[in-house]
Structure formats: structure tokens, C-alpha cells
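Residue numbers for the sequence shown follow our numbering, beginning at 822 and rising by one. Ideal placement from N, C-alpha and C gives every residue a C-beta, glycine not left out. Have a look at the structure below, then the notes.
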Amino acid sequence: MFDVLQEVNLVAVGVATVAYFVLGALWFTPLFGKAYDAGTGVKRSANQKWPAMYYIGPFLSSLAVTAATAVLLYALSVQSMVDALVLGFVVGIGYLASTSLSNAIAPNMPRPLVYGLVVGCYHLVGVMLVSAILFLMKG
822 MFDVLQEVNL
832 VAVGVATVAY
842 FVLGALWFTP
852 LFGKAYDAGT
862 GVKRSANQKW
872 PAMYYIGPFL
882 SSLAVTAATA
892 VLLYALSVQS
902 MVDALVLGFV
912 VGIGYLASTS
922 LSNAIAPNMP
932 RPLVYGLVVG
942 CYHLVGVMLV
952 SAILFLMKG
């Protein structure tokens with residue numbers, strides 16, 4: 822299965838990683854930022870300065886998810902956009918959204934279901950986007 826590593830299009834992984842990361846910037850700020858803040862109980866201000874890890878961590882996580890999805894896409898010999906989106910849906914629900922919801926159910930999370938839905942849906946949409954880009958750029 823891991824012999825597919827040499828087939829993975831690294832440019833596609835890079836493009837899909839950036840798309841996933843940018844989606845996160847949009848998702849957690851203008852699109853669902855208020856709901857995310859309500860879920861975490863933290864009110865972020867527009868002028869707030871964040872440490873580099875606030876950006877580096879999510880970018881590296883996006884890269885890891887994208888690379889793993891690329892390996893699965895090639896290992897499963899995905900041949901159609903529909904199958905690529907199904908792969909994204911399965912990974913999104915089965916791993917990412919379910920883990921987000923599970924992590925949200927913590928004693929310090931004031932609104933765990935809101936947090937879990939916002940973050941879980943981001944990952945679901947994000948990995949479906951990743952799968953589509955990887956498929957479209959498949960060599």
C-alpha cells in the first residue's frame with residue numbers, strides 16, 4: 822500500500838494544504854467566528870496578536886491530513902470525482918468530525934456541541950475540498 826508514496830503529486834498536496842488552511846482562516850473568522858467563540862467561551866478581538874504557533878500548528882495539521890488523504894486516494898485507486906468526494910466524506914466524518922466532537926466534550930468547553938459542530942463541519946468540508954483538489958491534480 823505504501824508503494825503509492827512515489828505516485829503522490831506533491832504539488833497537489835501543497836495546493837490542497839493551502840486551500841484547507843485558507844478555508845480555516847475564513848471558517849473561523851468571518852464565516853463562523855462568532856459561533857466558534859461561543860463554543861470555546863473565548864472572545865477574540867480583531868486586533869489581537871497571536872503567536873506564530875497559532876498559524877503554524879493548523880498549517881502543519883492541514884498538511885498531515887492532506888498527505889494522509891493523498892495516500893488513501895492513490896492506494897484506493899480513486900477513479901472519479903464522486904469517489905474522491907466519498908473518500909473525503911468518510912475521512913471527514915469518520916476521523917475528523919468525530920474526533921472534533923469528542924475533543925469538544927471536555928469539562929472546560931462551555932458549549933461543546935457548538936464547538937464540535939463548527940470544528941467538525943470545517944474538517945468535513947475541508948477534507949472534501951482536499952480530496953477534490955487531489956483528484957483534479959492527480960497525475
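Evaluate contact between the region 836-856 and the region 892-908, counting only Cβ atoms and requiring at least three cross-stretch pairs below 8 Å.
no
Once DSSP output is grouped into helix, strand and coil, what is the label at MET949?
Taking the first residue of the sequence shown as 1, we reach residue 949 at position 128. The answer is helix: DSSP assigns MET949 an H, G or I state.
Do ALA891 and LEU945 have their C-beta atoms within less than 7 Å of each other?
Along the sequence shown, read from residue 1 onward, the residue named residue 891 stands at position 70. Along the sequence shown, read from residue 1 onward, the residue named residue 945 stands at position 124. Taking 7 Å as the Cβ cut-off, ALA891 and LEU945 do not qualify as a contacting pair.
Can you find the residues in the same chain that come closer than 6 Å, C-beta to C-beta, to ALA833, ignoring five residues on each side of it along the sequence?
The residue given as residue 833 occupies position 12 in the sequence shown. Setting aside the 5 residues that flank it on each side, ALA833 is surrounded in the same chain by LEU955 and MET958, each with a C-beta closer than 6 Å to its C-beta; the list follows chain order.
Once DSSP output is grouped into helix, strand and coil, what is the label at SER866?
Counted from its first residue, the sequence shown places residue 866 at position 45. Correct three-state label for SER866: coil.
Could I get the ranges of all uninterrupted beta strand (DSSP E) runs contained in the region 907-954, with 3 residues as the minimum, in chain order?
none
Whose C-beta lies closer than 8 Å to the C-beta of GLY845 among residues of the same chain, with five residues either side of it excluded?
Locating residue 845 in the sequence shown gives position 24, counting from the first residue. For GLY845, where only same-chain residues beyond five positions count, the Cβ hits under 8 Å are PRO879, SER883, TYR943 and GLY947.
So TYR841 and LEU950 are in contact, right, with Cβ under 8 Å, and what is the actual spacing, rounded?
For this step, residue 841 is matched to residue 20 along the sequence shown. For this step, residue 950 is matched to residue 129 along the sequence shown. Contact between TYR841 and LEU950 is confirmed by a C-beta separation of about 6 Å, below the 8 Å threshold.
Using a threshold of 7 Å, state whether the C-beta atoms of PRO931 and GLY835 are closer than that.
For the purposes of this step, residue 931 is identified with residue 110 of the sequence shown, where counting begins at 1. For the purposes of this step, residue 835 is identified with residue 14 of the sequence shown, where counting begins at 1. Contact flag unset, no.
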